[in-house]
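Step one of this worksheet: look at the structure below.
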Ligand code: CO8
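Residue numbers (full-length UniProt numbering): 1 to 257.
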């Protein structure tokens, strides 16, 4: 690992971002958030991008929260600025036009859980631990947790987790719908590789349109959301991709997107 706070590497249009402060269990400080924001700004403009995977350096932690040492002495105005900066970066991540998958390789607490919630979906290693322990520090989640957690797991479970601050293991996270899959820790790398192949093998415009339909449809009434789907579905017939995908099926060959 280099001294960069965000490591990037990619193949086949799938970029992998590694949050790199392992000595502090990848806690989110201003420096790391600024670097993450800059990396995301660059990714936004990349037309060859097919997916983003995001993980933490080391074997122990995805992200153990916002940096408590940096936060302790903040004034309310400084706390507002810190939270706003993180929220803007997480929004940028959430709005990337391609799927963003959190590979949760250990502690996923506080701001770490909120980061995972800003991703489209999550794969957790079996040693992962989730929680929103902020109330134990005398604050509430400030990086989107009070809003994205109830949208992901329902308000009753979100209120349970946020007001007790209790930690849950990967299997409970799976049961409540916080993550999509749980895999043995030593298989997380091969799962990342398999995901890269799968995400890069599908029609890139179709994958982007699917994310757009689901993401923006969530905040609309059903009729408007279904109309959005119809528009995006029809648009899929405008380029070469649909013709190639369907021709490949009929010609019994693999599509070349
Ligand atoms: N911030 C800063 N440093 C951290 C953090 C953190 N969140 N988590 C761990 N570290 C550091 C430790 O201080 C320690 O440093 P050092 O070696 O210099 O003493 C190092 O990482 C290793 O940690 P531990 O020795 O504690 O490792 P353990 O295996 O014993 O414990 C735990 C691991 C259980 C994850 C433990 O470190 C822990 O409880 N960490 C804090 C978890 C937490 O409370 N997270 C929520 C933070 S608050 C938050 O995210 C709010 C977001 C909204 C902010 C609003 C804006 C103002």
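From the three backbone atoms N, C-alpha and C, an ideal C-beta is built for every residue, glycine too.
All values derive from a computational prediction rather than experimental measurement.
Check, Outcome
"Simplified DSSP state of residue 111, which is helix, strand or coil", "helix"
"Local conformation of residue 28 per DSSP, three classes", "strand"
"Alpha carbon of residue 107 to alpha carbon of residue 221, nearest angstrom", "36 angstroms"
"Proximity to residue 163 [Cα-Cα], best of 134, 219, 205, 186", "134"
"Outcome for residue 235 when other beta-carbon atoms lying within 10 angstroms are tallied against a minimum of 16", "exposed"
"Terminal residues of the alpha helix (DSSP H) in which residue 191 lies", "188-201"
"DSSP beta-bridge partners of residue 169", "129"
"C-beta atoms of residue 51 and residue 97 nearer than 8 angstroms", "no"
"Distance CB(residue 56)-CB(residue 8) smaller than 8 angstroms", "no"
"beta-carbon residue 141 near the ligand GTP non-hydrogen atom, thresh 7 angstroms", "Because the ligand GTP does not appear in the structure shown, any question about it cannot be addressed here, the ligands present being the ligand CO8."
"DSSP state of residue 178 mapped onto helix, strand, coil", "coil"
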